[in-house]
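Working notes, beginning with the structure itself.
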Amino acid sequence: MVQMIISGIALGAIYGLVALGIVLVHKATGILNFAHGEMVMITTFVALSLLGFGLPYWLAVILTLVFAAIFGFSVETVLVRKLIGAPLLSTALVCLGLFLILGDVAVWIWGKDAHMFPSPFSDKPFSFGQVSLSPADLGPIVVCILLSIGLYLFFKLTKVGIAMQATIDNQTAAKLMGIPVKRMFALSWVLATVVAAIAGLLIAPIIFLHFTFMQSILHFAFAAAVLGGINSLSGAMIGGVILGVITNLVGIYLSSELKEAMPFLIMLLILICKPQGLFSREAEKKV
Amino acid sequence: MPQIKKNFIYLIATIIILAMPFYLGEYFLYIATLTLVFTLASFGTNILSGYTNLLSLAGATFFGAGAFATAILMSRYEVSFFPALLLAGFTGVALSLVVAIPTLRLEHVYLAIATLGYVFISSEIAKSLESLTGGSMGMGVPQVSIMGQSLDEIGLFYITLVIVTLLMIAGVNLTHCRFGRAFFAVKGSEFAARSIGIPAPKIKIIAFAVQAFYCAVAGGIYGVLVRFIDPSLFSIFVSISFLSMVIIGGLGSVLGSIFGAIFVIVTPQLLTYFGLTEIQRSIYGLAMILSLMFLPNGLVSLTEKFKFFKQVEH
Chain A
221 MVQMIISGIA LGAIYGLVAL GIVLVHKATG ILNFAHGEMV MITTFVALSL
271 LGFGLPYWLA VILTLVFAAI FGFSVETVLV RKLIGAPLLS TALVCLGLFL
321 ILGDVAVWIW GKDAHMFPSP FSDKPFSFGQ VSLSPADLGP IVVCILLSIG
371 LYLFFKLTKV GIAMQATIDN QTAAKLMGIP VKRMFALSWV LATVVAAIAG
421 LLIAPIIFLH FTFMQSILHF AFAAAVLGGI NSLSGAMIGG VILGVITNLV
471 GIYLSSELKE AMPFLIMLLI LICKPQGLFS REAEKKV
Chain B
2 MPQIKKNFIY LIATIIILAM PFYLGEYFLY IATLTLVFTL ASFGTNILSG
52 YTNLLSLAGA TFFGAGAFAT AILMSRYEVS FFPALLLAGF TGVALSLVVA
102 IPTLRLEHVY LAIATLGYVF ISSEIAKSLE SLTGGSMGMG VPQVSIMGQS
152 LDEIGLFYIT LVIVTLLMIA GVNLTHCRFG RAFFAVKGSE FAARSIGIPA
202 PKIKIIAFAV QAFYCAVAGG IYGVLVRFID PSLFSIFVSI SFLSMVIIGG
252 LGSVLGSIFG AIFVIVTPQL LTYFGLTEIQ RSIYGLAMIL SLMFLPNGLV
302 SLTEKFKFFK QVEH
């Protein structure tokens, strides 16, 4: 039981990271990035290739994060910048188009095979009483906690973080205050892609790396984002964890088929009862 | 004079389409029938997303449900093709209520996410109902036979042509009547529509039901055309392909639905024909992005340069 809860938290926290990227982009630019999962997939494949060249793990990780930053920036400049303020149908469809393209790109470059991906954490278990845990279980949780604290501090303490928050809150006011709004948009995409790359590095060792491996996770991440509130950064993480734990427990105690359906059912329930999510305050719609 | 010209164009188009079995080879005739099938799905999606401006990704759910309903009715219960197709259409409508009613209050982003969820869940359901759907292995679909005579490709082409034409005419009439204007009103502003007495929730449900019916019928025909279906029909790619037809062709335009279907079906099939299977998806992903950026009103806006097309449209 405890073990399942902890592995649920670990998995949920990783999904929360994916959701965090989606929320960050949506909050800052109002765009629902359907291609987020595929961006995770691409960065993880880049990491795999870097490791394939014989680079040490941590160097490969750093290079991957650099690649992710450039990748996020170029997607923003080439595709997204023209679309800010465009109707949802257009922006969502551009992201869906990107989703299709990235899927094909991955198949061209890396093929359709599933790949093993190394984990930085050993899976040698140690036990507390009846519960046996391994660094592989706890590692992702620690990384997610550190990353959350890091992001929190970034948004609260640094000048750039505060400027980004201002942009998110009110674009016009931010612009009038001399904040380079466009640069903030680009930064939010860079940040989201880097977080996505970290999530990918954590997920890939758990399940095999494959060009479709993010599709079910994307579903999970959207559910987490809706659960926490699509405009709440901390909500995305917490939503992910709640979803991870519930799904794992349902998988054991009820049925494994229901486990697959769980994210969807929870999401639908939340959408019916409290569409703005658990942790998000959103004003009533103005006409 | 314009009337004669318009009729002339109609006549030429009709002859070209009716004569297709005589000059197209078997493979290209198959593509033509496939294009007709997707025109139907594209038009249904256009009603929902183009006319009413609801971004739904649930198209694949209806399409797959229609395909499976037709196949199951025909093979397990020995219902003949037309009643099975009609029942499949109504299965789609029933499903659309399941999708639409819980999501009625949702706007924009939330609707897109929730309907995406339906696609995932329907594929899981199709996989788990092994006794009916054959699970992830899929199932074969029996050949269509009318009055004891089994139909060949040419027969199927004409049957599809008749069904699609009838449904398209019905759909065009629908968009010109009270409902059609209500769709546009809801697209413009839901609040404004409500304030002049248009029951927005009802209109949204109707738009969903129309999309579901068209997609389910398209799915049913797709099944008997391809002769094999599996749960991969319930794929987000199918939903995206419907939306991309609408976008590439032109939002809120009938001619646009047709152009979109032609582009989305014919391009990948031609690429396959030339041995470039790998880049199918990215081709229409790219086409979608490019048309959104440079041709926001779709391929149909190109035709406005030619006067006669404009006359056909109206």
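For the protein sequence lines, the chains are A and B, in the order given.
Plus 220 on top of the position in the first sequence (first one is 1) and you've got this note's numbering.
Plus 1 on top of the position in the second sequence (first one is 1) and you've got this note's numbering.
Ideal Cβ positions, reconstructed from N, Cα and C, are used throughout, including at glycine.
Would you decide whether residue i is buried or exposed? Buried here means 16 or more other CB atoms lie within 10 Å of its CB.
i                : result
Arg282 (chain B) : buried
His177 (chain B) : exposed
Pro345 (chain A) : exposed
Gly251 (chain B) : buried
His315 (chain B) : At His315 (chain B), the pLDDT of 45 sits below 50, so the modelled position is not reliable and the matter cannot be decided from this model.
Asn54 (chain B)  : buried
Val351 (chain A) : exposed
Ile437 (chain A) : buried
Go through its chain and collect everything with a Cβ distance to residue i's Cβ below 8 Å, but skip five positions before and after it.
i                : result
Leu105 (chain B) : Pro202, Lys205 and Ile206
Val327 (chain A) : Phe431
Leu303 (chain A) : Ile251, Ser310, Thr311 and Val314
Ile486 (chain A) : Ala443, Leu447, Leu463 and Ile466
Leu130 (chain B) : Gly136
Phe180 (chain B) : Ile204 and Ile207
Leu272 (chain B) : Thr278, Ile280, Gln281 and Ile284
Ala85 (chain B)  : Ala70, Thr71, Leu74, Met75 and Gly221
Do you know whose CA, among the options, lies nearest residue i's CA?
i                : options                                   : result
Gln223 (chain A) : A:Phe375, A:Ser436 and A:Leu358           : A:Leu358
Ala424 (chain A) : A:Ile226, A:Val470 and A:Val238           : A:Val238
Ala280 (chain A) : A:Val286, A:Gly449, A:Ala288 and A:Leu270 : A:Leu270
His246 (chain A) : A:Ala406, A:Val363 and A:Gly471           : A:Ala406
Ile164 (chain B) : B:Ser123, B:Gly220 and B:Phe235           : B:Gly220
Ile365 (chain A) : A:Val415, A:Tyr277, A:Leu377 and A:Gly317 : A:Val415
Phe291 (chain A) : A:Thr264, A:Phe428, A:Ile466 and A:Trp278 : A:Thr264
Ile73 (chain B)  : B:Phe264, B:Gly224 and B:Ser242           : B:Gly224
Ala417 (chain A) : A:Leu283, A:Asn253, A:Ala230 and A:Phe254 : A:Leu283
Phe318 (chain B) : B:Gly67, B:Gln270 and B:Pro269            : This structure does not reach residue 318 (chain B), given that chain B is present from 2 up to 315, and the question cannot be answered.
Ala230 (chain A) : A:Pro276, A:Leu488 and A:Ala419           : A:Ala419
Val323 (chain B) : B:Ala171, B:Phe64 and B:Leu244            : Nothing in the structure corresponds to residue 323 (chain B), since chain B is present only between 2 and 315.
Leu489 (chain A) : B:Met75, B:Phe23, B:Leu107 and B:Leu19    : B:Leu107
Gln496 (chain A) : B:Val110, B:Val267 and B:Phe184           : B:Val110
Using a Cβ-Cβ cut-off of 7 Å (strictly less than) and excluding sequence neighbours within five positions of residue i, which residues of its own chain qualify?
i                : result
Ile248 (chain B) : Met289, Ser292, Leu293 and Gly299
Ala306 (chain A) : none
Val173 (chain B) : Val255
Ala412 (chain A) : Gly241, Leu244, Val245 and Gly292
Leu25 (chain B)  : Ala33
Ile427 (chain A) : Phe433
Arg403 (chain A) : none
Alpha carbon to alpha carbon, what distance is there between residue j and residue i?
i                : j                : result
Ser302 (chain B) : Arg182 (chain B) : 21 Å
Pro297 (chain B) : Ile237 (chain B) : 23 Å
Ile382 (chain A) : Asp389 (chain A) : 10 Å
Ile450 (chain A) : Ile472 (chain A) : 29 Å
Pro338 (chain A) : Gly370 (chain A) : 25 Å
Ile361 (chain A) : Leu367 (chain A) : 10 Å
Tyr235 (chain A) : Thr387 (chain A) : 26 Å
Leu167 (chain B) : Phe91 (chain B)  : 17 Å
Phe121 (chain B) : Glu191 (chain B) : 29 Å
Phe264 (chain B) : Ala255 (chain A) : 23 Å
Ser89 (chain B)  : Ser294 (chain A) : The amino acid occupying residue 89 (chain B) in the given sequence is Ala; Ser does not appear at that position. Cα to Cα, the separation comes out at about 45 Å.
Gly232 (chain A) : Met336 (chain A) : 21 Å
Pro400 (chain A) : Thr392 (chain A) : 11 Å
Phe375 (chain A) : Met384 (chain A) : 8 Å
Ile102 (chain B) : Phe9 (chain B)   : 45 Å
Leu469 (chain A) : Phe44 (chain B)  : 43 Å
Ile225 (chain A) : Leu353 (chain A) : 11 Å
Ile155 (chain B) : Pro22 (chain B)  : 6 Å
Glu17 (chain B)  : Phe158 (chain B) : Per the sequence presented here, residue 17 (chain B) reads as Ile, with Glu not at that position. Cα to Cα, the separation comes out at about 14 Å.
Ser227 (chain A) : Leu275 (chain A) : 30 Å
Gln435 (chain A) : Gly139 (chain B) : 21 Å
Glu480 (chain A) : Cys493 (chain A) : 22 Å
Val286 (chain A) : Phe209 (chain B) : 44 Å
Quick one: residues in its chain with C-beta nearer than 6 Å to the C-beta of residue i, no 5 flanking neighbours on either side, listed in chain order?
i                : result
Glu296 (chain A) : Ala406 and Trp409
Asn47 (chain B)  : Val247 and Ser258
Ala194 (chain B) : Ala186, Val187 and Ala201
Tyr151 (chain B) : In the sequence as presented, Tyr is not what sits at residue 151 (chain B); that position holds Ser. Closer than 6 Å at Cβ, skipping near neighbours: Gln144.
Ala334 (chain A) : Phe428 and His430
The segment 255-273 of chain A touching the segment 318-325 of chain A, judged by at least three CB pairs closer than 8 Å = Yes: the two stretches touch, three or more of their Cβ pairs being nearer than 8 Å.
ask   = Touch check for the segment 458-472 of chain A and the segment 442-450 of chain A: three-plus C-beta pairs under 8 Å?
value = Contact check between the segment 458-472 of chain A and the segment 442-450 of chain A: three or more CB pairs, one atom from each, fall below 8 Å, which counts as touching.
task = Decide yes or no for the touch test of the segment 70-79 of chain B against the segment 247-267 of chain B: beta carbon pairs closer than 8 Å, at least 3 of them.
result = No, the segment 70-79 of chain B does not touch the segment 247-267 of chain B.
request  = Could you say if the segment 22-29 of chain B and the segment 227-236 of chain B meet the contact criterion of at least three C-beta pairs nearer than 8 Å?
outcome  = no
query = Counting Cβ pairs, one atom from each stretch, are 3 or more of them under 8 Å apart for the segment 208-228 of chain B and the segment 120-134 of chain B?
reply = Verdict: no, contact absent.
ask   = Contact between the segment 100-115 of chain B and the segment 56-67 of chain B: three or more CB pairs below 8 Å?
value = yes
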